[in-house]
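Input: a single structure, listed below in structure tokens.
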Amino acid sequence: MGANTSQVSDLSDNPSLKALVGTEAISENDPFWNQLISFTFISPTSSADSKLLEEAVIPLAKILIENNPRTGNFGALVRIFLGRTKELKISTECQDQLFIWQAHNALFMIRCLLKVFIREMSEEELNLQFFYHERAPETGSEDLLEELLSNLVHLIVDVPLLDITYSILFEAVTTLLVFFSYQLFHKDILRDGIIYQHIMKGRCLSLTSRLVKTLLYNFIRQEKCPPPATHIFEPKAESGLLYGLASGVASGLWSVFTLGGAGSKAGLDQEHNPLPLSNQSLLLLLVLANLADGPDWPNPYRQAITCFRNTQDTSSLPMEQPHTFQINFNSLYTALCEQQRSDQATLLLYTLLHQNANMRTYMLSRTDMDNLVLPILEILYHVEERNSHHVYMALIILLILTEDDAFNRSIHEVILKNISWYTERSLTEISLGSLLILVVIRTIQFNMTRTRDKYLHTNCLAALANMSAQFRCLHQYAAQRIISLFALLSKKHNKVLEQATQSLRGRQADNTALPDYAQDLNVIEEVIRMMLEIINSCLCNSLHHNPNLVYALLYKRELFEQFRTHPSFQDIMQNLDTVIGFFSQRLEQAGSDLSVERVQEVIMKGAQALPKDRLKWVGRDINLPPRLVTQHSSGFTNPRPSHCSSINQSGNM
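So this is what it looks like as structure tokens:
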């Protein structure tokens, strides 16, 4: 950084940087500035090298903090950048790469310094850094901080994304993220913060819909970082200095979104991610969408995200919806399907499903829902490799989807072949609905043996309950896993009951406090009842469509014996007793030593013969809306998932 600098070790000795942070004020008309922002730099190729660069900048920034009140050189650097932004659109049209390169370098230096400033001082003190000057009095009347923020937003929305503008657009997005990082150092919500006020109510407000739309399109386009021109950078890898240093800011913010740094375990992939602008744009979009509402005004960026419409929607715009715009839903849907490897993309999907009715309706109307559902199921299948917040978001997305009856019917009509990531059993052909059931049950079983999160059970079972009335042609393996899960719960119930009994017997000889077995029993019995209600719902509504479930029920009918007389399950067991008794009698009449095929034939004929009025719905409505579930989830607060609500715990933005 600085003229002709090529090594991190050179920074502290670079004469241009020494002059910038030194004790002498430098006129904005001095040729020094042109020399300063015409630097070349060999890009770090690893996070360790990027950290070295950041550490090299810190002492220089601290010297500038000390001298800037007398020199005003930081404000001069900002003005140099602002002067060049006025010509960026023309430079782009004229392919003036030199001008764009210098504007990028100026912004890069500003961001590196801002990152240290924000760590070292309050917003009020930062604001003063923009006003310190020994210039002509008339130059100090402007609000330089707001001018910079406004210019960054204008740059993002006005400058087209081309190979020659990729780097400066990336810098603009990342610099805004750096400004928002103030919240990382405060527990309280910064509604009264200077930066918050400028973004929410200042000149940026009029650009709300354009900014949100541009960030969404950056995410949709998934443009790779172009090979850098040799006169700008000379990296050995395309991730390089630009992305390497900036990713530290983004990953720092994201670690807070994931509650205490529990981000994606695939952190190394992020470092070498070839889509830095797309990823940073998504992060900025999520930060903007989850800024707290003001005391008397809503978050305009959240308004924009919740009400944008499809470009094919020709109806008139409702007057009561501010900041609305139109975007290509098909392109956005495709990008969402392709990018669910990251928790931030899953958070965007959740946000749109939960808060944008137009997008939710569009997604549910798609005939290729398997393109969206399969990546979500893969997240849950690899639960041990994902952070808990990513898993919770995937579950809540399934909950939202399964609230729609048409979705619950259609997923059983989509036939999949050879699911490569499902390795527990070869599934040469299975419906999307049966696969969903298998993955959710696997998640429950993983939770029972590992995390033991009560509310994860609740969310998983709620999704199954939402689907249960629409179960159709369940795969044999899916039906077996439903009954196997009930067997596992039954075994666990018996074990806890035995422990409770033994503890009560030994209490006379030992006055120590007993474990709360009653509470454990209540939890297990609640889960068992939900499983019985799911089975009961399927039998009442679609028994004739699910011979494999009846077969599995009959094969393991002894599991249900102990619950017939249990006061918590007597009502729900009536239908199961009816079904088991009816089909057992049919099989006895068919003779002994029946083949599997013959048993299935008897079941299918019996399903048609069983009068529907003999089965009566018994149970509760456990179609849990996301708002109810997330009130209790350990990873969530309010209806927004923990990546954003985590900021509520350390100071909501």
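Using the UniProt record's numbering, you'd call the opening residue of the sequence shown number 1 and step up by one each time.
Every residue gets a Cβ at the ideal spot worked out from N, C-alpha and C, and that includes glycine.
Keep in mind the model is a prediction, meaning the values are calculated, not measured.
Contact between Leu277 and Glu338 is absent: CB atoms are separated by about 16 Å, not below the 8 Å threshold. Between Glu28 and Arg70, the C-beta gap is not smaller than 8 Å, which leaves the two residues out of contact. Looking at the DSSP output, Ile415 sits in a beta bridge with Ser431. Between Gln129 and Ser38, the C-beta spacing is not below 8 Å. For Met200, the enclosing alpha helix (DSSP H) begins and ends at 194 to 201. By the Cβ rule, the stretch 394 to 412 counts as touching the stretch 462 to 470, because three or more pairs are nearer than 8 Å. Contact between Gln303 and His323 holds: their C-beta atoms lie close to 5 Å from each other, under 8 Å. Apart from the 5 residues on each side of it in sequence, Leu155 sits with its Cβ closer than 8 Å to the Cβ of Thr85, Leu88, Ile168, Leu169, Ala172 in its chain, given in chain order. Three or more beta-carbon pairs separated by less than 8 Å link the stretch 275 to 291 to the stretch 175 to 189, which places the two stretches in contact. According to the DSSP assignment, Gln344 belongs to the alpha helix (DSSP H) that extends over 343 to 355. Taking 4 residues as the minimum length, the alpha helix (DSSP H) runs contained wholly in the stretch 511 to 585 are 517 to 542, 547 to 555, in order along the chain.
Residue pairing by DSSP places Gln326 opposite Arg309 in a beta bridge. Distance from the CA atom of Ile110 to the CA atom of Leu77, rounded to whole angstroms, is 8 Å. In the same chain as Ile379, and ignoring 5 residues on each side of it, the C-beta atoms closer than 8 Å to its own belong to Gln340, Thr346, Arg386, His390, Val391, Ala394, in chain order. By the CB criterion at 8 Å, Leu436 and Leu372 fall outside the cutoff. Of all alpha-carbon atoms in His198, Arg221, Thr165, the one lying nearest the alpha-carbon of Pro227 is that of Thr165.
Using a Cβ-Cβ distance cut-off of 8 Å, the stretch 200 to 208 and the stretch 146 to 161 are in contact, since at least three pairs of beta carbons, one from each stretch, lie closer than that value. For Ile168, the enclosing alpha helix (DSSP H) begins and ends at 166 to 180. Within a 10 Å sphere around the beta-carbon of Gly581 sit fewer than 16 other beta-carbons, which makes this residue exposed. Bounds of the alpha helix (DSSP H) holding Trp33 are 32 to 36. With fewer than 16 other Cβ atoms from the protein chains shown falling within 10 Å of its own Cβ, Pro611 counts as exposed.
In the displayed model, Glu87 falls within coil according to three-state DSSP, outside both helix and strand.
Between Val602 and the set Leu352, Phe219, Val550, the nearest pair of CA atoms involves Val550.
For Gln344, the number of other beta carbons within 10 angstroms of its own is at least 16, and it is reported as buried. Taking C-beta atoms under 8 Å as the contact rule, Leu401 and Ala487 fail to qualify, at a distance of about 28 Å.
Between the C-alpha atoms of Leu489 and Ile397 there is a straight-line separation of about 26 Å. With contacts defined as CB atoms closer than 8 Å, Val414 and Ser426 fail to qualify as a contacting pair.
The shortest C-alpha to C-alpha distance from Leu162 to any of Arg586, Gln35, Glu142, Gln97 is the one to Gln97. According to the DSSP assignment, Ser278 belongs to the alpha helix (DSSP H) that extends over 276 to 289.
Distance from the CA atom of Thr443 to the CA atom of Ile534, rounded to whole angstroms, is 17 Å.
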